[in-house]
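Chains as they are written, first to last, in the working numbering: chain C, 5 to 110; chain U, 129 to 248.
In this text, a Cβ means the ideal position worked out from N, Cα and C, and glycines have one as well.
Worksheet for the structure shown next.
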Amino acid sequence: DIQMTQSPSTLSASVGDRVTVTCRASQSISSWLAWYQQKPGKAPKLLIYKASSLESGVPSRFSGSGSGAEFTLTISSLQPDDFATYYCQHYNTYPSFGQGTKLELK
Amino acid sequence: QITLKESGPTLVKPTQTLTLTCTFSGFSLSSSGVGVGWIRQAPGKALEGLALIYWDDDKRYSPSLKSRLTITKDTSRSQVVLTMTNMDPVDTATYYCAHSSVWLFSFDYWGQGTLVTVSS
Chain C
5 DIQMTQSPST LSASVGDRVT VTCRASQSIS SWLAWYQQKP GKAPKLLIYK ASSLESGVPS
65 RFSGSGSGAE FTLTISSLQP DDFATYYCQH YNTYPSFGQG TKLELK
Chain U
129 QITLKESGPT LVKPTQTLTL TCTFSGFSLS SSGVGVGWIR QAPGKALEGL ALIYWDDDKR
189 YSPSLKSRLT ITKDTSRSQV VLTMTNMDPV DTATYYCAHS SVWLFSFDYW GQGTLVTVSS
């Protein structure tokens, strides 16, 4: 069973900062990785699929990269609306999620 | 446009069986490549994938919960049903259904979620 490990668990940043969240798989998963944003009380929102493809309607300040076992989500210039929790997700035999990264205002 | 909505009991007792229904519109679960999954989130915790069913009736389950889960589809009614047996207070969570496909292997449309509390 492939395990997904996100880091950091909490990230403090300011508006305008460039931030990166990392997701590591316990073994190679090719490029089958997605990233989601979740705000309190809301359903997750798909941001990135297939490691680096931007979902329609998602601002271009969001980008994803990586392959194999290490992946990153980058927000190039934080906006006030970006403070939320972010999850990575892999599909192997079933969909599994990382433990989440809470992005908070410094 | 694609919409999904979860329905079912808000409160179940320990040891009971939970049955949740996902009613969707804007797509057909008989279309090649399409899938619907169930994901849950305990209060203050991370997302947890539970089960996924595809257009061809292929079913995938979380290994840790497989013995307790059953996912089925009713294409004519545009519904997917998840049953979870032997409910426990630790199963208290918001349960989401979501649209997927074999081209994305991710969830691009989500329901609003339904909170299920397990308590006697």
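{"Query": "Pairwise C-alpha distance: A29 of chain C and V133 of chain U", "Result": "The residue you asked about is not Val; residue 133 of chain U is Lys in the sequence shown. Spanning the two alpha carbons is a distance of roughly 31 angstroms."}
{"Query": "Inter-residue CB distance, L180 of chain U and Y98 of chain C (contact presumed, cutoff 8 angstroms)", "Result": "6 angstroms"}
{"Query": "K106 of chain C and S16 of chain C closer than 7 angstroms at C-beta", "Result": "no"}
{"Query": "Contact the region 239-248 of chain U vs the region 192-211 of chain U: 3+ CB pairs below 8 angstroms", "Result": "no"}
{"Query": "Whether G161 of chain U touches V218 of chain U by CB criterion (7 angstroms)", "Result": "no"}
{"Query": "Element boundaries [beta strand (DSSP E), containing E108 of chain C]", "Result": "T105 to L109"}
{"Query": "Beta-carbon contacts of S228 of chain U that lie in its chain and below 8 angstroms, excluding the five residues immediately before and after", "Result": "V162, G163, V164, G165, L180, S234, F235 and D236"}
{"Query": "CA nearest to the CA of V209 of chain U, picked from U:L232, U:G172, U:E176 and U:F152", "Result": "U:F152"}
{"Query": "Residue burial classification, T145 of chain U (beta-carbon count within 10 angstroms, cutoff 16)", "Result": "exposed"}
{"Query": "Interfacial residues, the region 177-204 of chain U to chain C, with Cβ spacing under 7 angstroms", "Result": "G177, L180, R188, Y189, S190 and P191"}
{"Query": "Coil, strand or helix - K201 of chain U by DSSP", "Result": "strand"}
{"Query": "Among U:K141, U:Q129, U:P142 and U:C150, nearest to S206 of chain U - alpha-carbon criterion", "Result": "U:C150"}
{"Query": "DSSP state of S195 of chain U mapped onto helix, strand, coil", "Result": "helix"}
{"Query": "Unbroken stretches of the alpha helix (DSSP H), 4 residues or longer, contained in the region 15-83 of chain C", "Result": "none"}
{"Query": "Length of the line joining the Cα atoms of T203 of chain U and S80 of chain C", "Result": "42 angstroms"}
{"Query": "Selection of the region 203-235 of chain U by Cβ proximity to chain C, strictly under 7 angstroms", "Result": "Y224, L232, F233, S234 and F235"}
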